[in-house]
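Trainee: One line per chain: the protein sequences are F and W, in this order. Going letter by letter, the first sequence gives residues 78 to 427 in our numbering. Going letter by letter, the second sequence gives residues 150 to 478 in our numbering. Starting off with a structure, shown below.
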Amino acid sequence: MSGQTNDYLVEVNNLVKWFPIRSSFLMRTIANVKAVDGISFKIKRGQTMGLVGESGCGKSTAGRTMLRLMDRTGGEFTFDGQDVFALSREELRKMRPRMQIIFQDPYSSLSPRIPVGEIIGEAVREHSIVPNSDFDDYLTLVMKACGLQEYHKDRYPHEFSGGQRQRICIARALALNPDFIICDEPVSALDVSIQAQIINLLKQLQEDFGLTFMFISHDLSVVEHISDTVGVMYLGTLVEHADARELFENPLNPYTKALFSAIPYPDPDIKMNRIILEGSIPSPANPPKGCKFHTRCSECMEICSLATPEFAEVTSEHFCACHLYNDAERGARAELAAKEAKAEAAAKVS
Amino acid sequence: MIEFLSKRILMGIVILFFVMLVVYAVMYSLPMSYVERMAYDLSARPGSLKSSAEWLAELNAKYGFDQGILGGYFIWLGSAFKGDFGESWQWTVDVTAKFKEVIWYSFALTATVFIFEIIIAVPLGITAARKQYSTTDYSITVIALIGISLPTFFTATLLKLIFAVHLGWFDMFGMQGRNYLLLDDFGKFMDLCAHMVLPAMTLTIVSIGPLMRYTRTNMLEVLNSDYIRTARAKGLSERKVINHHAFRNTLLPLITILGGTLPALFSGALITETIFAIRGIGYTSFYSMINGDIPFTMFYLMFIAMLTLLANLIADVLYAVVDPRVRVN
């Protein structure tokens, strides 16, 4: 790591990614799918940020755009003090080992024609991460750290199970000695027993190597387990971002509340207080004006359809974009909400 | 592997037996009979002592046509088994001799085209895929479509007009220039090559399109896969991403269709050879067929059938070589 004193390894500022919809005839852009529509967050060194939201809300697109696997439409991404979007191709290539990504599907993200040792080691050699003489030992070390055996090197990806494949993907990312890894739903393609193994592996690696994670998922319990802070996305925008415990205990945004009310509780006697959202998620090509959530929000006010709520710090380190907390007394309201939540939790227990 | 190979070869022999039976049945039942015509010719010759009916009976007996389709087929099969394919009726030499004489012209022509087709179409397809929906992509696609849509005879005529009539670089047709006999060996070879340029160009133009489209489609599929995204995220150079990761995975479907074109290398190009008067196998087999030359046609089609079977086998084996998934199972 560099000697900079900046606490934040990752700073994303107003990141925008639109996909143009072109007319079939003249190929003119007639509309844009606003997959990521201005999100901002920071991740501290050595911490994990969970990013949750429904399918299609732009979580994965945000991750891929940050790593410049796609061109951005606007915004900034500062990685360890460097503006990633300002780097030239060659500079970016040199930078790549420091920020890695693990994809959701361990079946499609490993080239079927290349042996595992080559998949893991190829880029190590390309970037001269270790001297050539140490290469084999290093490879073995990394594979062992990820729960793989040395003799797996010469095998091909199809000879492994889903969980092992995901270990290969993790080893691949880890071998480059990164500072930051984006985990793009790394466990949603795996069954539950394997999910736990992989999550624990990721946590272990984070401890051992001081990694910073951005953990994209739609599985709230997994995110709660692994994250230090959690961001909630809806239709391309970040609606809430706070410390994980704070967020789960005291969600402010009505969307977050609805989302969390869907977490199953392992006790059949407890009556779940579910908030059922009406209608379906609007098209990101033509999102509602004002607050994007106002069409489905149970606490919709007049202003919600008129003005876009600001993504502001409501209480310390707890950001939320909602008009409920956006006026002069927003702090007071948030405190009230916290009290209510506590009372509710107490009622549930008794 | 040996078990797999021997099984496939045995299966191939059975298939070949029935394919040739069908071919023989079709040739036998054709309305124009070379034997009948020969019988009339022989009886009409001055000094002929037999009537046409007698000649016909004698000839039929000689070639085994009086035994019916199955009987005749087994007679052909028996002598073919001994390596005797008889004498061609149309060309009045041994079938194998005629075949040896003409096959190499066709092979040289189609092999040249095959090589040019690959070295032009595959890179074009990859370029088009890498720059999908760009001007380059559309230009390549349009050119490929023009190549696919133009009939061979039209392309050939157009090339003749440009290169033979207006520019005068090549002869319109034939395989030898007017000074052929005066040239030394090297000169003769160069003369032959010069006469192959236009036919080769014609065949290349019409064959690039499908292969290029095929490469593009497969490459696009691979380029949009997660493992290419992974390779980019690893920080590999773009050259490595394309050559090492993407192209390797595009190779598999390409080999299948290229393996399938192996028989085409030897079957000749009927239309092009006829237009340019190249005495290759396409031209020769065409005249054999329309004249009902059973021995030559049988041999030629047997050859093609064997090649097709062999090509499938080779494609399967190559599949195993390039695809680790098939190799292990």
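Here a beta-carbon is modelled for each residue, glycine too, at the ideal position from N, C-alpha and C.
Assuming residue 349/W and residue 466/W make a contact with CB atoms under 8 Å, what is their CB distance in whole Å?
Mentor: With a Cβ gap of about 29 Å, residue 349/W and residue 466/W do not count as contacting.
Trainee: Does the separation of the CB atoms of residue 179/F and residue 107/F fall below 7 Å?
Mentor: No. Outside cutoff.
Trainee: Could you give the DSSP three-state label for residue 112/F: helix, strand or coil?
Mentor: Reduced to three states, the DSSP call for residue 112/F is strand.
Trainee: Between the C-alpha atoms of residue 397/W and residue 390/W, what's the straight-line distance to the nearest angstrom?
Mentor: One C-alpha to the other measures close to 10 Å.
Trainee: Are residue 353/W and residue 266/W close, meaning C-beta to C-beta below 7 Å?
Mentor: Contact: yes.
Trainee: Quick one: complete alpha helix (DSSP H) runs, 4+ long, within the stretch 180-206 of chain F?
Mentor: Runs of the alpha helix (DSSP H) inside the stretch 180-206 of chain F: 193-203.
Trainee: Quick check for students: name the residue ranges of the alpha helix (DSSP H) that lie wholly in the stretch 279-346 of chain F, counting only runs of 4 or more.
Mentor: DSSP runs (the alpha helix (DSSP H)) wholly in the stretch 279-346 of chain F: 297-303, 321-326 and 331-337.
Trainee: Secondary structure at residue 186/W, three-state DSSP: helix, strand or coil?
Mentor: Helix.
Trainee: With three or more C-beta pairs closer than 8 Å as the rule, is the stretch 427-439 of chain W touching the stretch 301-310 of chain W?
Mentor: Short answer: they don't touch.
Trainee: Work out the CA separation of residue 276/F and residue 79/F for me, nearest whole Å.
Mentor: Because residue 79/F sits at a pLDDT of 45, beneath the cut-off of 50, its placement in the model cannot be relied upon, and the point is left open.
Trainee: Does residue 112/F have its Cβ less than 7 Å from a Cβ in chain W?
Mentor: Not one chain W Cβ lies under 7 Å of residue 112/F.
Trainee: Residue 441/W to residue 166/W, Cα distance in whole Å?
Mentor: When rounded, the distance between both Cα atoms is 21 Å.
Trainee: Can you check the stretch 164-219 of chain W for any beta strand (DSSP E) of at least 3 residues that lies completely inside it and give the ranges in chain order?
Mentor: Those beta strand (DSSP E) runs which fall completely within the stretch 164-219 of chain W and span 3+ residues do not exist here.
Trainee: Chain W beta carbons: is any one of them nearer than 7 Å to that of residue 242/F?
Mentor: Chain W contact via Cβ: absent.
Trainee: In chain F, which residues lie with their C-beta within 8 Å of the C-beta of residue 398/W?
Mentor: Result: 188, 189 and 190.
Trainee: So, for residue 240/W: in the same chain, excluding its five sequence neighbours on each side, which residues have a beta-carbon less than 6 Å away from its beta-carbon?
Mentor: Result list for residue 240/W: 247, in chain order.
Trainee: When you compare each of 158/W, 347/W and 302/W to residue 322/W by their alpha carbons, which one comes out closest?
Mentor: If we check each option's Cα against that of residue 322/W, 347/W comes out closest.
Trainee: Please report the distance separating the alpha-carbon of residue 384/W from that of residue 372/F.
Mentor: Residue 384/W and residue 372/F: Cα-Cα distance of roughly 43 Å.
Trainee: Residues in its own chain within less than 8 Å of residue 181/F by CB, not counting five upstream and five downstream?
Mentor: Cβ within range, chain order: 137, 261, 262, 263, 265 and 266.
Trainee: Can you pull out the residues from the stretch 292-303 of chain F whose beta carbon lies closer than 8 Å to at least one beta carbon of chain W?
Mentor: Listed in sequence order: no entries.
Trainee: Distance cutoff 7 Å, beta carbons only. Does residue 322/F sit that close to anything in chain W?
Mentor: No, because no Cβ of chain W sits closer than 7 Å to the Cβ of residue 322/F.
Trainee: What in chain W is Cβ-close to residue 156/F, meaning under 7 Å?
Mentor: Chain W residues near residue 156/F: none, gap ~14 Å exceeds 7 Å.
Trainee: Quick check on residue 478/W: buried or exposed, where buried means 16 or more other Cβ atoms within 10 Å of its Cβ?
Mentor: Caution is warranted here: a pLDDT of 48 is assigned to residue 478/W, below 50, making its placement in the model unreliable, and the coordinate value is therefore given only provisionally. By the neighbour-count rule (16 or more Cβ atoms within 10 Å), residue 478/W is not buried but exposed.
Trainee: Could you compute how far the alpha carbon of residue 458/W sits from the alpha carbon of residue 412/W?
Mentor: If I take the Cα positions, the gap works out to 9 Å.
Trainee: Given this structure, state the Cα-to-Cα distance separating residue 226/W from residue 452/W, to the nearest angstrom.
Mentor: Roughly 14 Å between the two C-alpha positions.
Trainee: Select from 185/F, 240/F and 92/F the residue whose C-alpha is nearest the C-alpha of residue 375/W.
Mentor: Among 185/F, 240/F and 92/F, the Cα nearest to that of residue 375/W is on 185/F.
Trainee: Give me the DSSP bridge partner(s) of residue 159/F.
Mentor: Residue 159/F is bridged to 156/F.
Trainee: DSSP state of residue 391/F, grouped into three classes?
Mentor: The answer is strand: DSSP assigns residue 391/F an E or B state.
Trainee: Could you check what DSSP says for residue 373/W in three-state terms: helix, strand or coil?
Mentor: Here residue 373/W sits in coil by DSSP.
Trainee: Any C-beta of chain F sitting closer than 7 Å to the C-beta of residue 474/W?
Mentor: Yes, contact with chain F.
Trainee: Could you tell me the boundaries of the beta strand (DSSP E) in which residue 127/F lies?
Mentor: Taken as a continuous stretch (DSSP letters only), the beta strand (DSSP E) holding residue 127/F covers 125-129.
Trainee: Taking CB distances under 7 Å as the criterion, tell me whether residue 251/F reaches chain W.
Mentor: No, residue 251/F lies away from the interface with chain W (no Cβ there is under 7 Å from its Cβ).
Trainee: Taking Cβ positions only, does residue 200/F come closer than 7 Å to chain W?
Mentor: Answer yes: the Cβ-Cβ gap between residue 200/F and chain W drops below 7 Å somewhere.
Trainee: Taking DSSP as the reference, what is the three-state secondary structure of residue 318/W?
Mentor: Of the three classes helix, strand and coil, the one that applies to residue 318/W here is coil, per DSSP.
Trainee: Where residue 406/W and residue 201/W are concerned, what is the direct C-alpha to C-alpha distance, given to the nearest angstrom?
Mentor: If I take the Cα positions, the gap works out to 51 Å.
Trainee: Going residue by residue through the stretch 349-426 of chain W, where are the continuous beta strand (DSSP E) segments of at least 3 residues, counting only ones entirely within it?
Mentor: List check, beta strand (DSSP E) in window: nothing returned.
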